[in-house]
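Following full-length UniProt numbering, the numbering of the sequence shown begins with 1 at its first residue and continues without gaps.
Notes to accompany the following structure.
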Amino acid sequence: MQPDWQRPRVRPALQTRDQGDLDENNTAILDDFDRIKTLGTGSFGRVMLVKHRNAGDYFAMKILDKQKVVKLKQVEHTLNEKKILQAVDFPFLVRLAYHFKDNSNLYMVLEYVQGGEMFTHLRKVGKFSEPHARFYAAQIVLAFQYLHSLDLIYRDLKPENLLIDHQGYIKVITIIVIIDILMTCSLSTS
Numbered sequence: 001m002q003p004d005w006q007r008p009r010v011r012p013a014l015q016t017r018d019q020g021d022l023d024e025n026n027t028a029i030l031d032d033f034d035r036i037k038t039l040g041t042g043s044f045g046r047v048m049l050v051k052h053r054n055a056g057d058y059f060a061m062k063i064l065d066k067q068k069v070v071k072l073k074q075v076e077h078t079l080n081e082k083k084i085l086q087a088v089d090f091p092f093l094v095r096l097a098y099h100f101k102d103n104s105n106l107y108m109v110l111e112y113v114q115g116g117e118m119f120t121h122l123r124k125v126g127k128f129s130e131p132h133a134r135f136y137a138a139q140i141v142l143a144f145q146y147l148h149s150l151d152l153i154y155r156d157l158k159p160e161n162l163l164i165d166h167q168g169y170i171k172v173i174t175i176i177v178i179i180d181i182l183m184t185c186s187l188s189t190s
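Shown next, in the form of structure tokens:
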């Protein structure tokens, strides 16, 4: 029998939120979650599969070591990532559910997408059929159009940064590399 975090489960989409809603209604603490397993590691920390103790929902918890963020001069970058994740709300982008901090770490609790990376699926099948490729490409284009409407550019498109959910739809990850167009323009003219 599969663990319940591997079984497909349809949840209502996270609600559209404004800045006030996220801070007021989406507060959490580390003790609200049970850690299941590590999904990945990076230069600032790791991503863990967690289960919300009260709601029973699964999430991907990004745990960033504050000291490493400061040492690697990524404070502003990390704050921008959180700000962007709070602002975006689109079906083909991974969503931020909660964010909080303690003395050692910053936590970003993201929607868990259980279908896996497109990279893994591509390795298994070699290549997608043309209808599948069009289906995925259309979703990516829609996600990018949405980001562009917010004056944001996504700069890290690759199969490893595309997840496929249990229903076969794309979720774009690694929002950290999104750049504000206005900031980019001012940098290029300096």
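Just so you know, even glycine gets a beta-carbon here, dropped at the ideal spot from N, CA and C.
- Contact check for K37 and L49: beta-carbon distance about 5 Å, within the 8 Å limit, so the pair qualifies.
- Selection H99, F92, H166, V125 evaluated against T78 yields H99 as nearest (Cα-Cα).
- Among the bridge pairs identified by DSSP, M48 is matched with T38, M61.
- Only buried fits V88, as 16 or more other CB atoms lie within 10 angstroms of its CB.
- A distance below 6 Å between beta-carbons, with the five flanking residues on each side excluded, links L93 to the following residues of its chain, in chain order: A143, V172.
- Within its own chain, no residue has a Cβ closer than 6 Å to the Cβ of A137 once the five positions on either side in sequence are excluded.
- Y169 is not a Cβ neighbour of F90, given a cutoff of 8 Å.
- For L142, the uninterrupted alpha helix (DSSP H) run begins and ends at 130 to 149, by DSSP.
- The region 74 to 105 is shown to contain whole beta strand (DSSP E) runs of 3 or more residues at 96 to 101, in chain order.
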